[in-house]
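In what follows, a structure is listed as structure tokens, so that the remarks can point back to it.
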Amino acid sequence: MPPLPTSMPVMLVGSNGSRMSKLCLFLSLICSASVVIGAPKANTRQVNVKEGGSVFYCPWGLSQSDCHTIEFDNEGDRTVLLNNTEHQVDFKSHQWFGATVRSHGDTILACAPLYSWRTEKDTPLSDATGTCYLSAHNFTKFVEYAPCQISDAVGQGYCQGGFSADFTTDGKVVLGGPGSYFWQGQVISAAKEDIIKAYYPGYFIQSVESQIQTRQVQAKHDDSYQGYSVAVGEFSGDQVEGKSINFHWPKSWKHFYLQMGSYFGYAVATTDINSDGMADLLVGAPMFMVRGSDGRLEEMGRVYVYLQRGPLSLELLLPHLTGTQVFGRFGSTITPLGDLNQDGFNDVAISCPFGGEDQQGLVYIYNGYSEGLREKPSQVITGQWAAGTVPASFGFALRGAKDLDMNGYPDLIVGAFGVDKAVLYRSRPIVNASATLTVYPTMINPEEKNCMITNGNNSIPVSCVNLSFCISADGKHLPGILGEPIFHICTLLQVRKLSLFLQTASDKKLGMCFFLLQDEKDFRDKLSSIYVALNFSLDPKAAADSHGLRPILNYQSANVVEQKAQILLDCGEDNICVPDLKLVVQGNRKEVYLGDDNSLTLTFNARNEGEGGAYEAELYVVLPPEADYSGIARNNEVTRNARHSENPQLPLWAGLRFTVPRLKDAHKTVQFELQIRSKNENNSHSEVVPYKLEVVVQADLVNNGPSRISHTLLELRCPLSVQGHTLLYPLEFSTEGPINCTSDKHMNHLHLKVSVSHADAHLSGSNEDKSDMVWNKPDIENSVPLWIIILAILAGLLLLALLIYVLYKFGFFKRSLPYGTAMEKAQLKPQAASEA
Numbered sequence: 009m010p011p012l013p014t015s016m017p018v019m020l021v022g023s024n025g026s027r028m029s030k031l032c033l034f035l036s037l038i039c040s041a042s043v044v045i046g047a048p049k050a051n052t053r054q055v056n057v058k059e060g061g062s063v064f065y066c067p068w069g070l071s072q073s074d075c076h077t078i079e080f081d082n083e084g085d086r087t088v089l090l091n092n093t094e095h096q097v098d099f100k101s102h103q104w105f106g107a108t109v110r111s112h113g114d115t116i117l118a119c120a121p122l123y124s125w126r127t128e129k130d131t132p133l134s135d136a137t138g139t140c141y142l143s144a145h146n147f148t149k150f151v152e153y154a155p156c157q158i159s160d161a162v163g164q165g166y167c168q169g170g171f172s173a174d175f176t177t178d179g180k181v182v183l184g185g186p187g188s189y190f191w192q193g194q195v196i197s198a199a200k201e202d203i204i205k206a207y208y209p210g211y212f213i214q215s216v217e218s219q220i221q222t223r224q225v226q227a228k229h230d231d232s233y234q235g236y237s238v239a240v241g242e243f244s245g246d247q248v249e250g251k252s253i254n255f256h257w258p259k260s261w262k263h264f265y266l267q268m269g270s271y272f273g274y275a276v277a278t279t280d281i282n283s284d285g286m287a288d289l290l291v292g293a294p295m296f297m298v299r300g301s302d303g304r305l306e307e308m309g310r311v312y313v314y315l316q317r318g319p320l321s322l323e324l325l326l327p328h329l330t331g332t333q334v335f336g337r338f339g340s341t342i343t344p345l346g347d348l349n350q351d352g353f354n355d356v357a358i359s360c361p362f363g364g365e366d367q368q369g370l371v372y373i374y375n376g377y378s379e380g381l382r383e384k385p386s387q388v389i390t391g392q393w394a395a396g397t398v399p400a401s402f403g404f405a406l407r408g409a410k411d412l413d414m415n416g417y418p419d420l421i422v423g424a425f426g427v428d429k430a431v432l433y434r435s436r437p438i439v440n441a442s443a444t445l446t447v448y449p450t451m452i453n454p455e456e457k458n459c460m461i462t463n464g465n466n467s468i469p470v471s472c473v474n475l476s477f478c479i480s481a482d483g484k485h486l487p488g489i490l491g492e493p494i495f496h497i498c499t500l501l502q503v504r505k506l507s508l509f510l511q512t513a514s515d516k517k518l519g520m521c522f523f524l525l526q527d528e529k530d531f532r533d534k535l536s537s538i539y540v541a542l543n544f545s546l547d548p549k550a551a552a553d554s555h556g557l558r559p560i561l562n563y564q565s566a567n568v569v570e571q572k573a574q575i576l577l578d579c580g581e582d583n584i585c586v587p588d589l590k591l592v593v594q595g596n597r598k599e600v601y602l603g604d605d606n607s608l609t610l611t612f613n614a615r616n617e618g619e620g621g622a623y624e625a626e627l628y629v630v631l632p633p634e635a636d637y638s639g640i641a642r643n644n645e646v647t648r649n650a651r652h653s654e655n656p657q658l659p660l661w662a663g664l665r666f667t668v669p670r671l672k673d674a675h676k677t678v679q680f681e682l683q684i685r686s687k688n689e690n691n692s693h694s695e696v697v698p699y700k701l702e703v704v705v706q707a708d709l710v711n712n713g714p715s716r717i718s719h720t721l722l723e724l725r726c727p728l729s730v731q732g733h734t735l736l737y738p739l740e741f742s743t744e745g746p747i748n749c750t751s752d753k754h755m756n757h758l759h760l761k762v763s764v765s766h767a768d769a770h771l772s773g774s775n776e777d778k779s780d781m782v783w784n785k786p787d788i789e790n791s792v793p794l795w796i797i798i799l800a801i802l803a804g805l806l807l808l809a810l811l812i813y814v815l816y817k818f819g820f821f822k823r824s825l826p827y828g829t830a831m832e833k834a835q836l837k838p839q840a841a842s843e844a
């Protein structure tokens with residue numbers, strides 16, 4: 009049962025009543041009842057700034073019209089006065105402010121990774137250094153933090169500071185700038201108190217006392233994009249959180265299985281999924297390729313899970329979590345959810361923003377457990393908007409691990425960038441239930457009639473079986489008390505045609521029920537077990553919480569319990585019947601003739617020489633391709649069906665009729681195969697019995713007239729050679745009776761001597777003449793003249809030369825140029841940065 013089955017779509021509206029452009033690309037949860045949502049393409053009231061981006065604050069529980077803009081920055085583009093001339097120094101249009109949003113206590117961090125400023129007054133170019141703002145003390149103080157804006161801007165021109173960001177537990181800000189130092193990338197960290205203290209209005213360059221950052225390294229590390237995504241966790245063993253996880257792994261971390269071009273590190277997240285007290289790591293590779301059944305590579309996406317076993321020691325968990333949607337970008341966003349089902353282990357959500365039907369987007373919920381993360385999702389949330397000109401990108405941003413509605417369970421917010429919407433998924437209370445079911449006796453003796461039933465005025469003794477069951481349940485933060493009627497408990501027992509339905513309304517119930525067995529003659533199969541099933545579910549009319557959410561059963565709870573009973577058989581102490589099946593087959597003919605229908609009757613004798621009965625015995629016949637089934641052989645004897653419900657009272661005689669009309673002279677024999685099989689579990693098959701027929705060629709000469717024939721002439725024509733090769737070699741005539749034979753060719757000119765069997769040819773008063781002939785096929789070689797082969801080769805070479813010339817004329821062999829530079833390959837992907 010999914011832990012997040014309810015949802016509430018939210019389309020936020022700005023204070024001026026207009027819809028915000030590209031709403032909720034990134035979002036964050038603050039306090040316990042508010043949502044902060046970034047809108048990086050929104051227009052603001054800043055003068056001469058187009059699509060500068062904004063951040064909205066939405067208190068939980070209020071209507072969408074109560075969402076309002078947080079005024080981090082009211083200024084337009086800034087200028088400085090030099091030599092009585094105003095010079096524009098920064099550029100805020102299309103800066104994507106709100107692309108990264110994070111919160112810590114009463115402090116909100118919002119960044120514009122495409123913010124640019126002009127480092128030299130005489131150049132028209134600007135550097136996309138990026139900038140961030142902090143709102144502190146419940147929106148009473150706003151400060152700018154732009155660590156990539158330094159006086160010596162060499163290597164920082166494309167820093168894009170704030171492309172990714174996070175807060176440590178103690179309030180340190182961690183920023184990623186993947187464009188620093190020729191795209192080597194950089195990670196910067198400083199305490200939020202020091203950032204606020206160092207801020208001075210009007211100054212572009214500021215020094216923060218506690219700031220630390222990574223430095224430029226050798227050129228071989230260019231294009232590494234360090235800081236593309238960051239996550240914070242404790243991995244060093246010193247109990248000090250703040251070690252950021254990004255593209256550059258310490259050398260002691262080995263076995264990170266990468267695939268070229270898979271974008272390993274596009275998204276990262278840390279949470280303790282196996283509840284061992286140490287943070288674990290999840291890494292997304294949304295462009296991971298998987299080879300399909302046809303051998304072609306398909307882009308599916310993958311998430312790698314690493315369990316922390318000790319300081320700087322990560323163990324890769326196998327198997328990997330791999331997407332199932334081609335081009336779905338599984339692993340684009342990963343977010344911790346907290347403990348959704350209250351089982352003591354943290355859970356995570358993973359997005360597939362272009363998956364599902366019509367690319368509406370999917371979000372997968374995975375549950376943690378003692379061994380890591382479960383392989384299959386407990387729930388798949390589907391986007392509500394079909395893809396249009398721009399895909400809805402449902403799951404482009406995720407944020408969880410906060411209980412917005414205060415029902416004791418964490419909630420999840422999903423951003424849909426393409427439709428400017430955010431959806432809140434609220435967790436319903438979870439009920440953990442268990443059940444037991446007992447059937448007595450488990451071995452039923454039909455001879456023991458231990459119950460009486462009344463049929464009119466008559467009392468009939470029958471065999472009975474008893475059923476007992478017990479169901480218990482518990483949960484956290486449930487509405488009402490478990491003792492109240494929140495269950496429908498249903499027990500269903502089927503003994504062939506008899507069934508009983510029981511309903512009760514208590515969370516814990518012990519009951520006893522009696523069920524009647526059918527009459528013995530109604531049972532076709534005494535070997536199979538009689539199953540009893542207990543099925544229970546929550547009452548759909550049970551009390552809901554203050555937000556209208558009703559509890560659900562834990563998806564890991566088994567709501568169906570089965571038990572079984574067996575019928576006592578006359579098969580010894582183990583109650584297991586082991587037959588020994590024997591089959592004898594006879595036929596009414598041993599030969600079949602080419603050109604005839606060849607009617608055939610096969611009779612068989614089946615018997616059981618083992619213990620007990622051969623239950624549901626069946627005759628299996630494998631027909632040769634030349635034969636057809638005609639029907640059951642019938643005569644004055646009693647013919648029994650080959651299929652019986654229990655011990656078929658073997659020995660059993662039966663007959664089957666066939667025809668064999670499709671004979672070929674290439675086969676000398678045709679073969680039937682017969683076998684007896686029973687439904688017994690042990691030794692249920694007899695040995696396969698073959699029945700073989702010889703294929704014979706025979707010519708019949710028959711006089712159907714009213715008188716004898718005084719003179720008969722038989723003329724036989726046959727080919728002796730083909731294309732100069734000998735086909736037949738006549739040796740001699742073999743005759744009996746008053747028959748004279750002549751030939752127009754000299755017979756046995758090589759004077760060969762062979763032993764032959766003489767066939768009878770007889771012309772009697774019955775006017776019937778028979779001759780037996782055996783046919784043989786020679787090996788014939790068909791050769792192709794040499795001139796045809798040479799002509800075909802020359803024609804093929806001429807056609808190949810013509811094809812090469814046409815391709816050359818169309819420029820097929822021209823060499824193509826590289827498609828882009830390293831700067832063009834590093835496209836902005838703010839969502840991964842925010843959701844790390």
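Anchor point for the sequence shown: position 640 equals 648 in this note's numbering, and the numbering is continuous, going up by one each time. For glycine and all other residues, C-beta sits at the position ideal for the given N, C-alpha and C. These numbers were taken from a predicted model, which means no experiment stands behind them.
Here residue 200 is buried: its Cβ has 16 or more other Cβ atoms, across all protein chains shown, within 10 Å.
Under DSSP, residue 615 shares a beta bridge with 590. Rounded to whole angstroms, the separation of the alpha carbons of residue 109 and residue 185 is 15 Å. For the pair residue 574 and residue 436, the Cα-to-Cα distance works out to about 42 Å.
For the pair residue 290 and residue 322, the CB atoms are not nearer than the 9 Å cut-off. Contact annotation, residue 417 with residue 348: C-beta distance approximately 7 Å; criterion of less than 8 Å satisfied. With a beta-carbon spacing of about 17 Å, residue 101 and residue 46 fall beyond the 8 Å limit used to define contacts. Bounds of the alpha helix (DSSP H) holding residue 816 are 794-817. For the set 302, 703, 686 and 402, the Cα lying nearest the Cα of residue 598 is the one of 703. Distance between residue 338 and residue 92, taken at the CA atoms: about 55 Å. Apart from sequence neighbours up to five positions away, the residues of its chain that approach residue 334 with a beta-carbon distance below 7 Å are 306, 307 and 308, ordered along the chain. Going by DSSP, residue 293 is part of the beta strand (DSSP E) stretching over 288-293. Note that the C-beta distance between residue 63 and residue 118 is below 9 Å. Distance between residue 97 and residue 174, taken at the CA atoms: about 28 Å. One Cα belongs to residue 612, the other to residue 577, and the distance between them is close to 28 Å. The alpha-carbon of residue 421 is positioned some 22 Å away from that of residue 146.
Using a C-beta cut-off of 8 Å, the stretch 192-199 makes no contact with the stretch 132-145, since fewer than three inter-stretch Cβ pairs fall below that distance.
When secondary structure is reduced to three states using DSSP, residue 426 falls in the helix class. Under the criterion of beta carbons closer than 8 Å, residue 373 and residue 355 qualify as touching, at roughly 6 Å. In the pairwise beta carbon analysis, the stretch 609-624 is classified as touching the stretch 688-702: at least three pairs are separated by under 8 Å. Taking a 10 Å sphere around the C-beta of residue 157, we find 16 or more other C-beta atoms and assign the residue as buried.
Nearest Cα to residue 294 within the set 360, 383 and 233: 360. In the three-state reduction of the DSSP assignment, residue 124 falls in the strand class, which pools E and B. A residue is called buried when at least 16 other Cβ atoms come within 10 angstroms of its Cβ; residue 482 does not meet this threshold and is exposed. Out of 399, 476 and 804, the CA that lies nearest to the CA of residue 444 is found in 476. Look at residue 202 here: in three-state DSSP terms it is helix. In this structure, residue 353 and residue 282 form a Cβ contact; the two beta carbons are roughly 7 Å apart against a cut-off of 8 Å. Taking the CA atoms as reference points, residue 431 sits about 8 Å from residue 424. By the neighbour-count criterion, in which 16 or more other beta carbons inside 10 Å mark a residue as buried, residue 103 falls on the buried side. Pairing residue 216 with residue 111 gives a Cβ-Cβ distance that is not under 9 Å. In the structure shown, residue 448 falls within a strand segment according to DSSP collapsed to helix, strand and coil. Assigned with DSSP and collapsed to three states, residue 219 falls in coil, not helix or strand. In the structure shown, the three-state DSSP call for residue 229 is helix. With contact defined as three or more Cβ pairs closer than 8 Å, the stretch 603-619 and the stretch 564-572 are not in contact.
For the pair residue 401 and residue 380, the CB atoms are not nearer than the 9 Å cut-off.
In the three-state scheme derived from DSSP, where H, G and I count as helix and E and B as strand, residue 582 is classed as coil.
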